[in-house]
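Worksheet for the structure shown next.
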């Protein structure tokens, strides 16, 4: 969703060539601000051959791999072997683990970037490891992709720091840049006014999104304020949704389109938003939508979300070890603050146009 929004802006600046698979074949789409052309790259064609052919048609030697999810990790090396310069965008920890959210299967907890290969093998026994035989080989190929990229684009300073720790060996002349992702959203929202605390839980309803903490957190909230009401924006695992629906004064709002969350939060007069994710998220775009509506955010001190909230000094950041009790305390601390989100923070939220300009400058 972020990519499509940025691409619409990027083609206003420069010609954009997009290679992608469809209906059993690979295609190249060339777009400018006023025209578009579609070119077949061939059926049953090798992935590397298709991209190289597309680059030749677009008359470029630079290929931007927007995301390696669903693609082989060795793609970067294969393209550089063809004489192409590869720019690689990093959106999660796919290069480090086949479970890119790093949540251990047995415990539903963040693994802490595990280096225990036996522990990793148990967690990944049911996961397709591509052509690699084990986690050691998988990470070796991932590290090779990082080294062979001419430039690396990170969505946050957190991801840049973490990848420098995980992959200290780099190639000479490699570039790194942080470009925050963005998608189109509704216009500026008016911060909500409510005579009772309305709380939002935002994010998909999965274990790595911290959805299992929602019932526990709301039970504590209701003990302190029986008038409180919670709205859950998102869908996901049926078992977790069933547990959430059993809690009093909690309403699951369900699916919403990207870019519309801010207006929904305003409509429901939300006073504080909770992002209970327990994995080290690479950016956390839902935080932008909450802040755009003038709503402070409560989150754990893990990944880019906690990093960004701490930098902006908005909302509350909770230590993971404090769990749902920590979230509850932070919710009431946020409700007690007179100034929710400073206007200066709202104006710094990235836009697709700004992201497109940064990408074009890098090219």
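Numbering (our numbering), first residue to last: 3 to 365. Don't be surprised by glycine CBs; every beta carbon is placed ideally from N, CA and C.
When secondary structure is reduced to three states using DSSP, residue 209 falls in the coil class, being assigned neither helix nor strand.
Assignment of beta-bridge partners to residue 173 by DSSP yields no partner.
When beta bridges are read from the DSSP output, residue 231 appears opposite 200.
Collapsing the DSSP output to three states places residue 15 in coil.
In this structure residue 231 is buried. Its beta-carbon is surrounded by 16 or more other beta-carbon atoms within 10 angstroms. If the five residues before and after residue 220 are omitted, its C-beta is found closer than 6 angstroms to the C-beta atoms of 232, 249, 252, all from its own chain and listed in chain order. An exposed status is given to residue 48, since fewer than 16 other beta-carbon atoms sit within 10 Å of its beta-carbon. Scanning its chain for C-beta atoms nearer than 6 angstroms, with the 5 sequence neighbours on each side dropped, one finds around residue 131 the residues 100, 140, in chain order.
The DSSP assignment places complete beta strand (DSSP E) segments of no fewer than 3 residues inside the region 236–293 at 252–256, 274–277, in order along the chain. Apart from sequence neighbours up to five positions away, the residues of its chain that approach residue 227 with a beta-carbon distance below 7 angstroms are 199, ordered along the chain. Its chain contains 67, 88, 90, 147, 150, 151 as the residues whose beta carbon lies nearer than 7 angstroms to that of residue 78, once the 5 sequence neighbours on both sides are disregarded; these appear in chain order. CA-CA distance, residue 73 to residue 23, rounds to 11 angstroms. Note that the C-beta distance between residue 239 and residue 258 is not below 9 angstroms. Look at the beta carbons and you see the region 11–18 touching the region 30–39: at least three pairs across the two are nearer than 8 angstroms. Where residue 354 is concerned, the enclosing alpha helix (DSSP H) starts and stops at 354–364. Distance from the Cα of residue 98 is smallest, within the candidate group 211, 165, 184, for 165. Following the DSSP letters along the chain, one finds residue 335 inside the alpha helix (DSSP H) bounded by residues 325–338.
The alpha-carbon separation between residue 142 and residue 279 amounts to approximately 28 angstroms. In the DSSP assignment, the residues bridged to residue 65 are 88.
Under a 10 Å Cβ-count criterion, residue 170 is classified as exposed, with fewer than 16 other Cβ atoms of the shown protein chains found around its own Cβ.
Fully contained in the region 66–154 are the following beta strand (DSSP E) runs of length 3 or more, in chain order: 87–91. Annotation for residue 42: the continuous beta strand (DSSP E) segment containing it runs 38–45. Secondary structure note for residue 58: its alpha helix (DSSP H) is the uninterrupted segment 49–59. Here residue 316 really is in contact with residue 299; their C-beta atoms are around 7 angstroms apart, less than 8 angstroms.
Contact check between the region 154–163 and the region 270–285: three or more CB pairs, one atom from each, fall below 8 angstroms, which counts as touching. At a Cβ-Cβ threshold of 9 angstroms, residue 19 and residue 52 do not count as neighbours. Nearest in C-alpha terms to residue 107, of all of 123, 93, 95, 45, is 123. It is roughly 16 angstroms from the alpha-carbon of residue 276 to the alpha-carbon of residue 265.
Burial is judged here by how many other beta carbons sit within 10 angstroms of a residue's own beta carbon; residue 76 has at least 16 and is buried.
Here residue 173 has 149 as same chain residues with Cβ atoms under 6 angstroms from its own Cβ, once five neighbours each way along the sequence are excluded. Of the candidates 137, 86, 271, 84, the residue whose Cα lies closest to the Cα of residue 104 is 137.
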